[in-house]
């Protein structure tokens, strides 16, 4: 099979710039660096549109105030007729349906990325979408692959390609750590925990906050930094949890650059109730930080218990607190786990993700 330069269209219908959208951008940038032509289709005014334009990507913005994206669907089909593409890559469920409708009858290969662990109630519809409307499905973990198989998606259509991260050249130095901790008012004796992610029930920020109450007596020097902004419907619950934790939790809001955050923390926590893979944990691991994570979804595929961190039961503040106490009790072991985590993260580099996706594109065109 000969290698060819490709015209790739990426579709995502989300408004927020979350993990899936960031992965799309990493993939598009990597493919662009390899000479492939990219077009990103996303809603007008979305976080993805703003970031893609800032990075010099070609963007097709779906019109705002367009119920069901009906007008945008017609416009995209006209665009595909005028500028034929080789690959239509949908990065969310609605985007997959959209790409199928926009490209019916056109000589293009369609595929979809699957990152989430929940399946819709209408399994038959789900099976139809992933078997009849696309030529391949990318699962970000073996766990997600298993869910797709359970839903009736043929195994030969599923390719496991984990999300990718950029691996820094070196872990934070002691000097960088001291400066970062001083920035938020912490000293050497404080034991700093960190969590990054969109505030949602499945991400488990409430579990992390509740765990701080259990640490009052056993690890009073523990502090928790949360990156993200709670939505209105969760704000009151989060604020009440922080109050009960005695003010030992700080909300940092959205941070575009996480370098200082990762330098400051001693341990990363990810007490998710559901997780397709856990790219935030990978980011921490790539910076030499051990991780305490829930034993759910794809997290056990990246966090090795008592090697790169600890695995605990989801939804258990007590068990999370016990793992944190264990981590703080042996700093030499914690540092060793952090080094192991950094080596493990190299298996999930952005370059590997881009290369595997590019190879899948080429195979689809060769069939």
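In my numbering, the protein residues as written are 0 to 366.
Glycine included, every Cβ here is placed at the ideal spot set by N, Cα and C.
Can you grab the Cα-Cα spacing for the pair residue i / residue j, in whole Å?
| i | j | result |
| --- | --- | --- |
| residue 131 | residue 65 | 26 Å |
| residue 0 | residue 159 | At residue 0, the pLDDT of 49 sits below 50, so the modelled position is not reliable; the number obtained from the coordinates is stated separately. So the alpha carbons of these two residues sit roughly 21 Å apart. |
| residue 110 | residue 97 | 12 Å |
| residue 44 | residue 72 | 17 Å |
| residue 202 | residue 268 | 11 Å |
| residue 206 | residue 319 | 8 Å |
| residue 76 | residue 63 | 17 Å |
| residue 196 | residue 227 | 6 Å |
| residue 361 | residue 104 | 20 Å |
| residue 29 | residue 303 | 28 Å |
| residue 204 | residue 289 | 18 Å |
| residue 81 | residue 108 | 17 Å |
| residue 182 | residue 256 | 14 Å |
| residue 354 | residue 2 | 13 Å |
| residue 284 | residue 263 | 14 Å |
| residue 241 | residue 208 | 6 Å |
| residue 222 | residue 328 | 15 Å |
| residue 277 | residue 70 | 35 Å |
| residue 229 | residue 56 | 30 Å |
| residue 152 | residue 211 | 42 Å |
| residue 235 | residue 17 | 22 Å |
| residue 155 | residue 295 | 25 Å |
| residue 150 | residue 157 | 12 Å |
| residue 231 | residue 184 | 28 Å |
| residue 365 | residue 31 | 21 Å |
| residue 129 | residue 74 | 24 Å |
| residue 356 | residue 363 | 11 Å |
| residue 331 | residue 106 | 58 Å |
| residue 239 | residue 49 | 34 Å |
| residue 194 | residue 173 | 21 Å |
Based on DSSP bridge pairs, tell me the residues matched to residue i.
| i | result |
| --- | --- |
| residue 41 | 60 |
| residue 158 | 137 |
| residue 190 | 221 |
| residue 292 | 269, 310 |
| residue 111 | 89, 136 |
Can you tell which of the options has its C-alpha closest to the C-alpha of residue i?
| i | options | result |
| --- | --- | --- |
| residue 19 | 102, 4, 185, 275 | 275 |
| residue 148 | 173, 116, 90, 179 | 116 |
| residue 180 | 294, 84, 326, 259 | 259 |
| residue 21 | 282, 301, 182, 354 | 282 |
| residue 92 | 83, 342, 127, 250 | 127 |
| residue 40 | 59, 30, 47 | 59 |
| residue 279 | 135, 215, 225, 150 | 225 |
| residue 287 | 254, 336, 325 | 336 |
| residue 306 | 156, 184, 343, 233 | 343 |
| residue 248 | 256, 237, 365, 277 | 237 |
| residue 5 | 215, 245, 34 | 34 |
| residue 301 | 3, 70, 9, 141 | 141 |
| residue 214 | 235, 245, 233, 231 | 245 |
| residue 166 | 345, 210, 357, 352 | 345 |
| residue 219 | 235, 189, 229 | 189 |
| residue 175 | 32, 184, 338, 261 | 261 |
| residue 352 | 16, 24, 15 | 24 |
| residue 216 | 74, 321, 32, 154 | 321 |
| residue 133 | 17, 235, 88 | 88 |
| residue 15 | 357, 253, 363 | 253 |
| residue 99 | 9, 173, 32 | 9 |
If you check the beta carbons only, do residue i and residue j fall under 8 Å apart?
| i | j | result |
| --- | --- | --- |
| residue 323 | residue 192 | yes |
| residue 37 | residue 53 | no |
| residue 272 | residue 316 | no |
| residue 86 | residue 7 | yes |
| residue 42 | residue 61 | yes |
| residue 333 | residue 340 | no |
| residue 186 | residue 349 | no |
| residue 94 | residue 47 | no |
| residue 139 | residue 297 | yes |
| residue 171 | residue 347 | no |
| residue 270 | residue 299 | no |
| residue 143 | residue 178 | no |
For residue i and residue j, which I take to be in contact (beta-carbon distance under 8 Å), what is that distance rounded to the nearest angstrom?
| i | j | result |
| --- | --- | --- |
| residue 11 | residue 68 | About 12 Å separates the two Cβ atoms, so there is no contact after all. |
| residue 291 | residue 251 | The pair is not a contact, with the Cβ atoms about 19 Å apart (cut-off 8 Å). |
| residue 359 | residue 135 | 6 Å |
| residue 79 | residue 51 | Not confirmed; about 18 Å, so no contact. |
| residue 367 | residue 233 | The chain is shown from 0 up to 366; residue 367 falls before or after that span and cannot be answered. |
| residue 311 | residue 293 | 6 Å |
Check whether the Cβ of residue i lies closer than 8 Å to any Cβ atom in chain D.
| i | result |
| --- | --- |
| residue 158 | In the structure shown, chain D cannot be found, because there is only a single protein chain. |
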